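Numbering (our numbering), first residue to last: 47 to 197.
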């Protein structure tokens, strides 16, 4: 988590997960944070969890400390979903979660994540169901989320 504590993904068993690499200074931040918040508010009680992982690997657009990143997301966008400690999503130091996600759902040009706000949708059993490009609107994923939540 943002305090450096390990979080077991088993804690989210039975939940539908939308996992996103975020960056506060990215041009996609406003629309993505806003729409992620809308999805979380609408479906949290029905079993959706959004897990945000700050990443500074793309044009240095997430240079701040973990605390400042959380402050930004919570103050500017009233983000209520979990925001984790900054991670790498590509390369030798990529977080294990991202190695798994990419191995399950490669992108158009292979496994590498190309930019901020790449989204992975995971079902209640932990299967990676889909990968969405950074420019794909979070609200554009709503129907896929509803199917997995069975609502």
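For each residue, glycine too, the CB sits at the ideal point set by N, CA and C. Just so it is clear, the structure is predicted and the values come from calculations on it, not from any experiment.
Residue i, enclosing alpha helix (DSSP H) - first and last residue
i, result
"residue 191", "188 to 195"
In DSSP terms, what residue i is bridged to
i, result
"residue 166", "65 and 177"
Residue i, buried or exposed, once every other Cβ within 10 Å from all chains shown has been counted against 16
i, result
"residue 120", "exposed"
"residue 142", "exposed"
"residue 164", "buried"
"residue 148", "buried"
"residue 158", "exposed"
"residue 100", "buried"
"residue 138", "exposed"
"residue 162", "buried"
"residue 177", "buried"
Residues of its chain near residue i, where Cβ-Cβ distance is below 8 Å and the 5 sequence neighbours each way are ignored
i, result
"residue 85", "64, 94, 96, 184, 185, 187, 188 and 191"
"residue 194", "62, 167, 169, 170 and 175"
"residue 124", "83"
"residue 34", "There is no way to answer for residue 34, as the model of the chain reaches only from 47 to 197."
"residue 182", "165"
"residue 102", "69, 108, 109 and 132"
Sequence-distant residues of the same chain with beta carbon closer than 6 Å to residue i, five excluded per side
i, result
"residue 140", "134"
"residue 71", "107"
"residue 105", "none"
"residue 179", "none"
"residue 128", "97"
"residue 144", "135"
Contacting residues, own chain, Cβ-Cβ under 7 Å from residue i (five flanking each side not counted)
i, result
"residue 92", "195 and 197"
"residue 89", "191 and 195"
"residue 81", "183, 184 and 185"
"residue 151", "166, 174, 176 and 177"
Handout entry: Segments assigned alpha helix (DSSP H), at least 4 residues, entirely inside the region 89 to 153
Key = Taken in chain order, the whole alpha helix (DSSP H) runs of length 4 or more contained in the region 89 to 153 are 112 to 123 and 142 to 150.
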